[in-house]
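Notes for the one structure printed next.
Next comes the structure, spelled out in structure tokens:
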């Protein structure tokens, strides 16, 4: 049986629209914060923002929609571009809590634009552009990772700590089990790089992670100075 070209075209359009709809549906967010000391103490090095060296604190990397099977959507709406005017009232907070460390030195706009277009557009069914960035800032305020670790006598002092003690401290301080991502410095040391916390689809409440991020860490990892 032959299918007409117009029917095939309609079928392809329907398939495309169904994929677009599915891409806007997700199960939870990863709220990811990175330690600047580990980002900068690697072969790729780093560049401070144009506003100067960031505070020695965990900085936001992103708020990423994910599926319970471990996969994730990305770049869901190419027509929804980053609009700085949407977050004009948040800029000063974002410069402090969501700094870019990539090179060349920047004002953060390129970083935030990437995060919105790759990840934020997949959450538009729940959060508009301003709400998306605002949600991440509020989540950072809810869980002060650095203070939690310091309370457990885990300091950014170039010393090594067991990864279990780091996880336990964050679980004790926040009520939820984190995922830990490590990188390696130029000497090959495994370092505390990023902390993943899971958040419900409203972007407001922490939850236990349905699936943990994959990462290779040693049993003891370095918490580098910054």
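Residue numbers (mature numbering (1 follows the signal peptide of the UniProt record, and there is no 0)): -23 to -1, 1 to 203.
Every residue gets a Cβ at the ideal spot worked out from N, C-alpha and C, and that includes glycine.
Fair warning: this is a prediction, and the values are worked out from it, not measured in the lab.
- request: Report the partner residues of residue 158 according to the DSSP bridge assignment.
  value: 171
- request: Ignore the nearest five residues each way along the sequence and tell me which others in residue 38's own chain have a CB closer than 6 Å to its CB.
  value: 9 and 11
Contact set for residue 62: own chain, Cβ-Cβ below 6 Å, skip 5 residues either direction: none
message: Going by beta-carbon coordinates alone, are residue 19 and residue 167 separated by less than 9 Å?
response: no
- prompt: Is residue 80 buried or exposed, if buried means 16 or more other CB atoms sit within 10 Å of its CB?
  reply: exposed
message: Let's test the definition: count the other Cβ atoms within 10 Å of the Cβ of residue 32 and tell me whether it reaches 16, buried, or not, exposed.
response: exposed
field: Classification of residue 14 by the beta-carbon crowding that lies within 10 angstroms, buried from 16 upward
entry: buried
Contacting residues, own chain, Cβ-Cβ under 6 Å from residue 65 (five flanking each side not counted): none
query: How many Å lie between residue 154 and residue 43 at the Cα?
result: 17 Å
- request: Could you check what DSSP says for residue 46 in three-state terms: helix, strand or coil?
  value: coil
task: Work out the CA separation of residue 196 and residue 92 for me, nearest whole Å.
output: 31 Å
- prompt: Taking one C-beta from the stretch 116 to 128 and one from the stretch 142 to 154 each time, how about it: are there three or more such pairs within less than 8 Å?
  reply: yes
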